[in-house]
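Below is one structure, written out as structure tokens; the observations come after it.
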Amino acid sequence: MYFHDKLETLITRVDLEDRVRKLGQEIKEAYREDEPLVVVGVMNGSFVFLADLIRAVERSLSIDFVRLSSYGDATQSSGNVRLIQDLEKSIEDKHVLVVEDIIDTGLTMQFLLPNLKSRNPRSVKLAVLLEKPAKNQSGVAADFLGFEIPDKFVVGYGLDFGGLYRNLPYIGILVG
Ligand code: IMP
Ligand code: MG
């Protein structure tokens, strides 16, 4: 069976492209061009979104990564977030734009954002592809948001289930 068979399309490839291009323009306009910007990707889920987004931001920027874990293979957040791999470089006196795949409960960003803010950056903002507003009780809000989605488990465009489906070029809902 081909892997598309178990999936319902939620956001098409074309809609992703259009939205990401607009987010790139918004991000460019949000910062002065002569001030340093570091894009911080949250591994693993953000890597496809990040790759497309940075090419839509027409300005100089650098890229760094953190790796966080809370889920294991479950589909519910454990709330127990760990920093598995930290940034390579200092973010002191730089603008930081965190790029994340999805805000579900918000617990992951509730952990990461204060951690980054404690390192004396000029600013910390958050770009998120997807948010499930029904689940997010954390008070964490994206500064740049792609799409609000229903409270369903989604895969594709970097998001996985059990390590699979990250290479799907659209966002799908697993249907069984
Ligand atoms: P939160 O801490 O509950 O906001 O969850 C954030 C993390 O959980 C994201 O970075 C994703 O890696 C993962 N996650 C949450 N919802 C989904 C989903 O529907 N599909 C795939 N991964 C998800
Ligand atoms: Mg993630």
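In the working numbering, the protein residues as written are 922 to 1097. Think of the CB as a built atom: it goes at the ideal place given N, C-alpha and C, for glycine as much as any other residue. This structure is a prediction, so every number in the text was calculated from the model and none was measured.
Near ligand 1: residue i beta-carbon under 7 Å from a heavy atom
| i | result |
| --- | --- |
| Asn-1029 | According to the sequence as given, residue 1029 is Thr; it is not Asn. The answer is yes for Thr-1029. |
| Val-1075 | yes |
| Gly-1060 | no |
| Asp-1064 | no |
| Thr-930 | no |
| Glu-1069 | no |
| Gly-966 | yes |
| Val-987 | no |
| Val-961 | no |
| Leu-1080 | yes |
| Ile-1024 | yes |
Residue i to residue j span [Cα, whole Å]
| i | j | result |
| --- | --- | --- |
| Lys-1015 | Lys-927 | 43 Å |
| Phe-1032 | Leu-989 | 10 Å |
| Ile-975 | Ile-1005 | 24 Å |
| Leu-1085 | Leu-971 | 18 Å |
| Leu-1066 | Arg-1043 | 21 Å |
| Gly-1077 | Asn-1041 | 34 Å |
| Val-935 | Glu-1013 | 37 Å |
| Lys-1073 | Asp-1064 | 23 Å |
| Phe-968 | Asn-1088 | 11 Å |
| Thr-1029 | Ile-1023 | 10 Å |
| Leu-1054 | Val-1045 | According to the sequence shown, residue 1054 is Pro rather than Leu. Straight-line Cα distance between these residues: approximately 21 Å. |
| Gly-1027 | Val-1075 | 16 Å |
Where residue i falls: helix, strand or coil (DSSP)
| i | result |
| --- | --- |
| Lys-1010 | coil |
| Ile-948 | helix |
| Phe-970 | helix |
| Thr-1026 | coil |
| Leu-931 | strand |
| Arg-1003 | strand |
| Arg-976 | coil |
| Glu-938 | helix |
| Leu-1089 | coil |
| Leu-1080 | strand |
Rounded Cβ spacing between residue i and residue j (contact assumed at less than 8 Å)
| i | j | result |
| --- | --- | --- |
| Glu-1021 | Leu-1047 | 7 Å |
| Leu-1018 | Val-1061 | Wrong, their Cβ atoms sit about 15 Å apart, outside the cutoff. |
| Val-941 | Val-963 | In fact, because the Cβ distance is near 16 Å, the residues do not count as touching under 8 Å. |
Neighbour flag for residue i against chain D, beta carbons, 8 Å
| i | result |
| --- | --- |
| Lys-1046 | Here there is only one protein chain, and chain D is not present. |
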